[in-house]
Amino acid sequence: MTNILTILLLVVGFLLIVSVMMQPSKQQDALSALSGGATDLFTERKSRGFEAIMRRITTILGTIWFIIALVLMYLAAH
425 MTNILTILLL VVGFLLIVSV MMQPSKQQDA LSALSGGATD LFTERKSRGF EAIMRRITTI
485 LGTIWFIIAL VLMYLAAH
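Here the sequence shown is numbered in this note's numbering, starting from 425 and rising by one per residue.
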């Protein structure tokens, strides 16, 4: 059981890294905030399309990875 969960943790971790790397860059937003682009600083834009899907996938994979890690810690302690 522990071996299966460990392998699953590695696979989910790899998929999590891939999903984070595939998200669109926010570099322009951060640059405009630091350079004085105050018009964009406090506006909240809702993510749409590919960005929304990648954000959802990243959240789900992160949650799954955290749950598997907690289960592995519990199994190691008992």
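In this text, a Cβ means the ideal position worked out from N, Cα and C, and glycines have one as well. A quick note: this is a predicted structure, and the numbers were derived from the prediction, not measured.
The criterion of a C-beta distance shorter than 7 Å is satisfied by Leu439 and Leu485.
Less than 7 Å divides the Cβ of Thr482 from the Cβ of Val444.
Taking C-beta separations shorter than 8 Å and ignoring five residues to either side along the sequence, Gly473 has no partners in its chain. With respect to Ile488, Val436 sits close: the two C-beta atoms are nearer than 7 Å.
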